[in-house]
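Participant: Chains as they are written, first to last, in the working numbering: chain A, 1 to 337; chain B, 1 to 337.
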DNA sequence: GTGAAAGCGCTAACAC
DNA sequence: GTGTTAGCGCTTTCAC
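#1: Quick check on residue 264 of chain A: buried or exposed, where buried means 16 or more other Cβ atoms within 10 Å of its Cβ?
#2: Check distances from the C-beta atoms of the region 113 to 143 of chain A to those of chain B and list, in chain order, the residues that come in under 7 angstroms.
#3: Please tell me whether, using a cut-off of 7 angstroms, the distance from the CB of residue 334 of chain A to the nearest non-hydrogen atom of the ligand MG is below it.
#4: Find the residues of chain A that neighbour residue 21 of chain B, judging by a C-beta separation of less than 9 angstroms, and give them in chain order.
#5: Note down, in chain order, all residues in the region 278 to 299 of chain A with a beta-carbon under 7 angstroms from any beta-carbon belonging to chain B.
#6: Taking the alpha carbon of residue 174 of chain B as the reference point, which residue from B:20, B:212, B:6 and B:197 has its own alpha carbon closest?
#7: Would you kindly report the start and end of the unbroken alpha helix (DSSP H) that includes residue 23 of chain B?
#8: Using three-state DSSP, classify residue 41 of chain A as helix, strand or coil.
#9: Beta-carbon of residue 84 of chain B versus every beta-carbon of chain A: anything under 8 angstroms?
#10: Which chain B residues sit within Cβ distance under 7 angstroms of residue 191 of chain A?
#11: Would DSSP call residue 332 of chain B helix, strand or coil?
#12: Name, going along the chain, the residues of the region 232 to 266 of chain B whose beta-carbon falls closer than 7 angstroms to a beta-carbon of chain A.
#13: Which partner residues of residue 125 of chain A appear in the DSSP bridge assignment?
#14: When you compare only the Cα positions, how much space is there between residue 134 of chain A and residue 146 of chain A?
#15: Taking the beta strand (DSSP E) that residue 84 of chain A falls in, what are its first and last residues?
#16: Run through the DSSP bridge pairs and tell me what residue 318 of chain A is partnered with.
#17: Anyone know if the C-beta pair for residue 75 of chain B and residue 297 of chain B falls short of 8 angstroms?
#18: Under 7 angstroms Cβ-Cβ, which residues of chain A neighbour residue 7 of chain B?
#19: Return helix, strand or coil for residue 304 of chain A, following the three-state DSSP convention.
#20: Can you list the beta strand (DSSP E) stretches of 3 or more residues lying completely in the region 233 to 282 of chain A, in chain order?
#21: What does residue 52 of chain A touch in chain B if you count any residue whose Cβ is under 7 angstroms from its own?
#22: Which residue marks the beginning of the alpha helix (DSSP H) containing residue 325 of chain B, and which one marks its end?
#23: Can you give me the C-alpha to C-alpha distance between residue 277 of chain A and residue 248 of chain A, rounded to a whole angstrom?
#24: So, under 8 angstroms CB-CB, residue 254 of chain B and residue 228 of chain B are touching, yes? Tell me the CB distance rounded to an integer number of Å.
#25: Using a Cβ-Cβ cutoff of less than 6 angstroms, which residues in the same chain neighbour residue 153 of chain A once the five nearest sequence positions on both sides are dropped?
#26: Determine the DSSP secondary structure at residue 150 of chain B, reduced to helix, strand or coil.
#27: Rounded to whole angstroms, how far is the Cβ of residue 222 of chain B from the Cβ of residue 190 of chain B, which I believe are closer than 8 angstroms?
#28: Check residue 291 of chain B in the structure and name its three-state DSSP category.
#29: To which residues of the same chain is residue 64 of chain A closer than 8 angstroms at the C-beta, ignoring the five residues directly before and after it?
#30: Please tell me whether residue 54 of chain A and residue 69 of chain B are closer than 8 angstroms, where the distance is taken between their beta carbons.
#31: Below 8 angstroms on the Cβ atoms is my guess for residue 230 of chain A versus residue 218 of chain A; work out the distance and round it to an integer in Å.
#32: For residue 15 of chain A, name the three-state secondary structure that DSSP assigns.
#33: Any contact of the region 83 to 99 of chain B with the region 34 to 48 of chain B, i.e. 3+ C-beta pairs under 8 angstroms?
#34: Comparing alpha-carbon positions, which option in B:336, B:322 and B:299 lies nearest residue 182 of chain B?
#35: In the structure shown, what three-state DSSP assignment does residue 179 of chain B receive?
#36: Just curious, the alpha helix (DSSP H) that residue 111 of chain B is in, first and last residue?
Spelled out as structure tokens, the structure:
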């Protein structure tokens, strides 16, 4: 055992300060006034004993856990990690603690386990990252005992939601590429949610609106290496002059794959990503992409939850964040146009 | 309010199943045997009521929270995020929940707040990521009521620790560069811990052992753009033929800065990073780097904590992880050698 | 302002 | 095996 002294309790503090337990509680929660003299004594005792209130006891007695649960399939990839960072920051500012519950995939047992883990902490609200099938499946099987908000790129139903309007941004991106003179734009997707993600919808809409051919979708995994493989494959197809990728990691892999296959970017092929990954502007060529404010997404999620804990927010309320297309070196008009 | 029904409690379940509360508890914890007949009834009641035990009440009654706290300055950068992922995975496998407490910097008040947040959850153990000054300062001000483990790249004292032996890997890297014919190797650091990080130590040792000049250290921030700025600055110095960076993001930025300044990699300048970031092998040229197994680091941290909760582990026990140098395209002998 | 008493949802100790 | 009784560390009445 590496432990040493025991953690002090509220009654240790009360005893040392010569006051009753509820008085210590009042000092801690500073809502009911306490005489200055006693307050000082209590504060001193807290300091001397290095007392820290037990969140468990507080939760049990007050029925308020000051906890928010995040349910997500991933914690470390760029978009996910930034969203979580935004949530944690906003939660901390509001004096809430965050727990994360990971759903590896959309298997029913896995989802159930994650939901149980999330709810056993008695969270006052739950944030689900519905960027993928696992998150999406979780959203569909959540108890309704507590406010929930979904954070995503595609529309869900019946649940308050903060959405990054990827569809509009993707449309703008594809339209821009077509206007440069590309005959069409190919599309590589990351693993999709239940239906179709906003990026794909926007891509198809823009192509159809312009009367451009709609090529078959190429599916990648979350691993950037799958982008490289796709690039190598596409390099031999002269009909491919512009590609939009589901995220920047895939796009960066694609860049490498195209180079391996002897194609120059942007002279032979234009490439665009999605997310504005911190490394995307440093690549050679720098990557055209869509900036998504993930940490703002997280912050809005927290704000939504906190307000729905007090107000009477209507179900299914939708907030939209507008991403921004960043034109950089990896896109250009096709040769000979 | 978006909430609907109330969460069922253990006595709701007991009543519905026609048994006493402790019997339900026994079924839940499956340590004391319960007759098959009653067990079935209890399980059915749990299912029907969608009952989930309250972690707070369990913690309070059993004095076991089944929680582990992570204290870290950052949650989203590659090394941190991967370490956290490794911790979460190992903790979940052992049926522990993880809370994260963020210390933005090493300011005393900030540290104190983070420590309080971490300990108020009554964690059974605390994992501190001491990759930087904030984590390092936290480690120095932790109560000793609970087992603690530090995860880092440089040696700390008096605390059980899992260390990635960066120093040895950095030494090997620098030695390799010198053997290629480089006169010396420059070094760009990320914000350092209390003393000096293992990478810097290894770098200096290798230079001194070879009798090579030890250039002034160049300091970067965590932002990859600072690597780009450094690259632009170094591009005009013909004495710079090899550079080792504190992490891959900085190295990737450096690559871009050198290119902006008209230097070719690896012909004019060799560049090496640290971490084996998923994008480092896709870059053009692919980046020579040091692979660190962050998720293993996290897993070992959890294992250490769990064992020190039962065994009598000696204080200050040290485990070492051996990183691996990956030689790729960004390093080569200097021109004319 | 302040203390006494009750109770949050569970587990532990003890009887049977 | 099973129920009864206490009690975990707090907050919340309710008197005074």
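C-beta atoms are modelled at their ideal positions from N, C-alpha and C, and glycine is treated no differently.
Facilitator: Well, looking at it:
#1: On the first chain, position 264 is the one that residue 264 of chain A refers to. It counts as exposed.
#2: Residues passing the 7 angstroms Cβ filter: 116, 117, 119, 120, 121, 122 and 143.
#3: Here there are no bound small molecules, and the ligand MG is not part of this structure.
#4: By one-based count along the second chain, residue 21 of chain B stands at place 21. What residue 21 of chain B touches in chain A, judged by beta-carbon distance under 9 angstroms, is nothing: the nearest beta carbon there is about 15 angstroms away.
#5: Using a CB distance below 7 angstroms, the part of the region 278 to 299 of chain A facing chain B consists of 278, 279, 282 and 284, ordered along the chain.
#6: As a position in the second chain, residue 174 of chain B is number 174, starting the count at 1. When each option's Cα is compared against that of residue 174 of chain B, the closest is B:212.
#7: As a working mapping, residue 23 of chain B is identified with position 23 in the second chain. Per DSSP, residue 23 of chain B belongs to the alpha helix (DSSP H) from 21 to 29.
#8: In the first chain, residue 41 of chain A corresponds to position 41, counting from 1. Residue state, collapsed to three classes: helix.
#9: Position 84 of the second chain, counted from the first residue, corresponds to residue 84 of chain B. Output row for residue 84 of chain B: interface = yes.
#10: Counted from its first residue, the first chain places residue 191 of chain A at position 191. Correct list: empty, because the minimum Cβ distance to chain B is about 16 angstroms.
#11: On the second chain, residue 332 of chain B is found 332 positions in, with the first residue counted as 1. For residue 332 of chain B, the secondary structure class from DSSP, reduced to helix, strand or coil, is coil.
#12: So the list reads 249, 252, 253, 256 and 259, given in the order they occur along the chain.
#13: Here residue 125 of chain A refers to the residue found at position 125 when the first chain is read from its first residue. Residue 125 of chain A is bridged by DSSP to A:68.
#14: Residue mapping note: residue 134 of chain A aligns to position 134 of the first chain, counting from 1. Residue mapping note: residue 146 of chain A aligns to position 146 of the first chain, counting from 1. When rounded, the distance between both Cα atoms is 20 angstroms.
#15: As a working note, residue 84 of chain A is residue 84 in the first chain. For residue 84 of chain A, there is no enclosing beta strand (DSSP E); the enclosing alpha helix (DSSP H) covers residues 78 to 93.
#16: Taking the first residue of the first chain as 1, we reach residue 318 of chain A at position 318. According to DSSP, which records beta bridges pairwise, residue 318 of chain A is partnered with A:161.
#17: The residue you call residue 75 of chain B lines up with position 75 of the second chain. The residue you call residue 297 of chain B lines up with position 297 of the second chain. Between residue 75 of chain B and residue 297 of chain B, the C-beta gap is not smaller than 8 angstroms, which leaves the two residues out of contact.
#18: Here the question's residue 7 of chain B lines up with position 7 in the second chain. For residue 7 of chain B, the chain A residues whose Cβ falls inside 7 angstroms of its Cβ are 145, in order along the chain.
#19: Here residue 304 of chain A is taken as the residue at index 304 of the first chain, counted from 1. Residue 304 of chain A: helix per DSSP, three-state reduction.
#20: You should have 242 to 245 and 270 to 272.
#21: Numbered from 1 along the first chain, position 52 holds the residue referred to as residue 52 of chain A. Chain order gives the chain B residues near residue 52 of chain A as 116, 119 and 120, where near means a beta carbon separation below 7 angstroms.
#22: On the second chain, residue 325 of chain B is found 325 positions in, with the first residue counted as 1. Looking at the DSSP string, residue 325 of chain B is not in any alpha helix (DSSP H); the run it does join, the beta strand (DSSP E), is 324 to 326.
#23: Counting from 1 along the first chain, the entry for residue 277 of chain A is found at position 277. Counting from 1 along the first chain, the entry for residue 248 of chain A is found at position 248. Each residue's Cα considered, the two are about 6 angstroms apart.
#24: Walking along the second chain from the start, residue 254 of chain B turns up at place 254. Walking along the second chain from the start, residue 228 of chain B turns up at place 228. At roughly 7 angstroms, the Cβ-Cβ gap stays under 8 angstroms, so residue 254 of chain B and residue 228 of chain B are in contact.
#25: Indexing the first chain from 1 puts residue 153 of chain A at position 153. Closer than 6 angstroms at Cβ, skipping near neighbours: 164, 166, 197 and 198.
#26: Here residue 150 of chain B refers to the residue found at position 150 when the second chain is read from its first residue. Strand.
#27: Within the second chain, residue 222 of chain B is the residue found at index 222, counting from 1. Within the second chain, residue 190 of chain B is the residue found at index 190, counting from 1. Here residue 222 of chain B really is in contact with residue 190 of chain B; their C-beta atoms are around 6 angstroms apart, less than 8 angstroms.
#28: Within the second chain, the letter at position 291 stands for residue 291 of chain B. Strand.
#29: Here the question's residue 64 of chain A lines up with position 64 in the first chain. Correct list, in chain order: 58 and 124.
#30: For this step, residue 54 of chain A is matched to residue 54 along the first chain. For this step, residue 69 of chain B is matched to residue 69 along the second chain. 8 angstroms or more divides the Cβ of residue 54 of chain A from the Cβ of residue 69 of chain B.
#31: Taking the first residue of the first chain as 1, we reach residue 230 of chain A at position 230. Taking the first residue of the first chain as 1, we reach residue 218 of chain A at position 218. Confirmed, Cβ separation roughly 6 angstroms.
#32: The residue you call residue 15 of chain A lines up with position 15 of the first chain. DSSP places residue 15 of chain A in helix when its eight states are reduced to three.
#33: These segments do not touch.
#34: Start at 1 with the first residue of the second chain, and residue 182 of chain B comes out as number 182. Of the listed residues, the one whose Cα sits closest to residue 182 of chain B is B:336.
#35: Sequence index remark: in the second chain, residue 179 of chain B carries index 179 (1-based). In this structure, DSSP gives residue 179 of chain B a helical state, which the three-state scheme calls helix.
#36: Counted from its first residue, the second chain places residue 111 of chain B at position 111. Element bounds for residue 111 of chain B: 108 to 120.
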